[in-house]
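Have a look at the structure below before the remarks.
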Amino acid sequence: MKKIASFTVNHLTLLPGVYVSRKDHIGTEVVTTFDIRMTRPNYEPVMNTAEVHTIEHLGATFLRNHKDYAEKTVYFGPMGCRTGFYLILAGDYESKDIIELLKEMYGFMRDFQDEVPGACARDCGNYLDMNLPMANYLAKKFYEEVLCHITEERLNYSE
């Protein structure tokens, strides 16, 4: 069986960053999948499910309410390895094109201090598994350490 594209990325050298994981063509439309890698795989500890779940709720809510990207957002959710998130946008994008959007989103998550959207039994299948303080911390860390000083090696996969 052929390896899928995400399993061909060298996870031993991958740094936290924002990468185009793939571009798919659906008819005449392009859909871009981004790899938002928050922790260094196989080097740093992975994120716990509670903060991943909280970031998922906050990020999805932010994106689906964004003035420019609400209609372009197809999906925002966690990677199974818990080192980051996938963002799927309708359109043909490069990593550098969404850095300002991600700064807005991670700034929102860093500063969020209210009830987590959808964190109740009626709205979520595992609403008790949330950790807002840790989600705030991780969003701040990614914002400051990656997004504010983004370099080419954190925008494009190395060969």
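Per this note's numbering, the sequence shown starts with residue 5, numbered consecutively. The C-beta atom is built at its ideal place from N, Cα and C for all residues, glycine as well. No experiment lies behind these values; they were computed from the predicted model shown.
Checking the DSSP bridge columns, you'll see glycine 129 has no partner listed.
Distance between tyrosine 131 and alanine 54, taken at the CA atoms: about 9 Å. Residue Thr37 holds the alpha-carbon nearest to the alpha-carbon of serine 25 among Asn14, Thr37 and Glu33. DSSP places tyrosine 141 in the uninterrupted alpha helix (DSSP H) bounded by 136-149.
In the same chain as valine 50, and ignoring 5 residues on each side of it, the C-beta atoms closer than 7 Å to its own belong to Thr43, Cys85, Arg86 and Thr87, in chain order. Note on leucine 16: under 16 other CB atoms within 10 angstroms of its CB, so exposed under the neighbour-count rule. Using a 10 angstroms sphere on the CB of aspartate 39, the tally of other CB atoms reaches 16 or more, which defines it as buried.
In the structure shown, the three-state DSSP call for valine 78 is strand.
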